[in-house]
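In our numbering, the protein residues as written are -2 to 343. From the three backbone atoms N, C-alpha and C, an ideal C-beta is built for every residue, glycine too. Working notes, structure below.
Next up, the structure:
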């Protein structure tokens, strides 16, 4: 008896995967997005202002993992070595000493303070996509900003999804006064001015990624909870649920084994769109200067700088391209999931 449901579950999963694969646009979008995400995870190895490896005095050093004072390489000061300083570079490369530098010798907060530069500066051999108005490398900030935005969207969507499932399941399964009071409470909470709260919190506290996740997750669960609530209200009156309750199965087991698996279609299919919405939300807050503080890498901050420096086309075009491509890839994945979970395609 226990083998047949498991077989059906695996067969249903394989069917959905076949439908998803037939949507080439969604499949390729998933592969490209995963490749970009994996590539951004190792950004410190190819976009860093510190060498990956230094051989000095017969010993090996790893500056991208550990901070070394300038005196380690024969310098004069007990502060962390500035590896863009020509004096430090000469010390490291003198004699039999050598160093391995990443292909992009900048991170998201390092500043190109070369003589004669006016920031924002256009693309050059040292800064492939130019610099922003503070002299930071645009390409490095795009790489780190993409990683931050994608993880922010995934974490925020996951928290809002879990909260929406919990609230919607409680309302839909229990019904009655619990559902009635819960709906009135959601209506009151939904009427709260989210933007004004962000402005107040931004003026009262120093914004950060954890604070933004907590604040935005307080409002991001309400849309999904309505779908889950409706599915639970519909499914709790089905015959198999009544039969399980008559057999003495507990409420938690009924929810976990019978109702919740049948309500996961809107949860799974809407998840990519919630991720893209969270990325757009973070970018909008950073554009309005209500998001993460500097020097945190941010796509919204680059767009804000582009607005203030309209002649710096290298900032506006590249940032817009990264943001649009990211959202399009995520939405294509969501579109493929909608088709895969469509019962009409069985």
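Item: So, under 8 Å CB-CB, residue 288 and residue 297 are touching, yes? Tell me the CB distance rounded to an integer number of Å.; Value: 6 Å
Item: Pick out the complete alpha helix (DSSP H) segments inside the stretch 193 to 239, 4 residues or longer, and give them in chain order.; Value: 206 to 217 and 219 to 232
Item: What are the start and end residues of each continuous beta strand (DSSP E) run of 3 or more residues lying completely inside the stretch 25 to 111, in chain order?; Value: 50 to 53, 56 to 58 and 95 to 97
Item: Please name the residue in 277, 189, 251 and 257 whose C-alpha comes closest to that of residue 225.; Value: 257
Item: Fully enclosed by the stretch 124 to 203, which alpha helix (DSSP H) runs are 4 residues long or longer?; Value: 135 to 171, 173 to 187 and 191 to 201
Item: Report yes if the CB atom of residue 284 is closer than 7 Å to the CB atom of residue 301, and no otherwise.; Value: yes
Item: Decide if the stretch 263 to 277 is in contact with the stretch 157 to 165; the criterion is three or more beta carbon pairs, one per stretch, under 8 Å apart.; Value: yes
Item: Hey, out of 337, 95 and 86, whose CA is closest to residue 56's CA?; Value: 95
Item: So, is residue 250 buried or exposed, given that buried needs 16 or more other C-beta atoms within 10 angstroms?; Value: exposed
Item: Measuring alpha carbon to alpha carbon, tell me which residue in 152, 211, 248 and 120 is nearest residue 171.; Value: 248
Item: Please confirm whether residue 130 and residue 306 have their CB atoms less than 7 Å apart.; Value: yes
Item: Would you tell me roughly how many angstroms separate the C-alpha atoms of residue -2 and residue 14, rounded to the nearest one?; Value: Because the pLDDT at residue -2 is just 38, under 50, the model does not fix this residue reliably, and the point stays unresolved.
Item: How many Å lie between residue 18 and residue 38 at the Cα?; Value: 26 Å
Item: Would the stretch 19 to 28 and the stretch 99 to 118 be scored as touching if the rule is three or more Cβ pairs under 8 Å?; Value: no
Item: Is the distance from the Cβ of residue 191 to the Cβ of residue 216 below 7 Å?; Value: yes
Item: Go through its chain and collect everything with a Cβ distance to residue 311's Cβ below 7 Å, but skip five positions before and after it.; Value: 119, 120, 126, 127 and 135
Item: Identify every run of the alpha helix (DSSP H) within the stretch 286 to 333, keeping only runs that are complete inside it and at least 4 residues long; order them along the chain.; Value: 296 to 305
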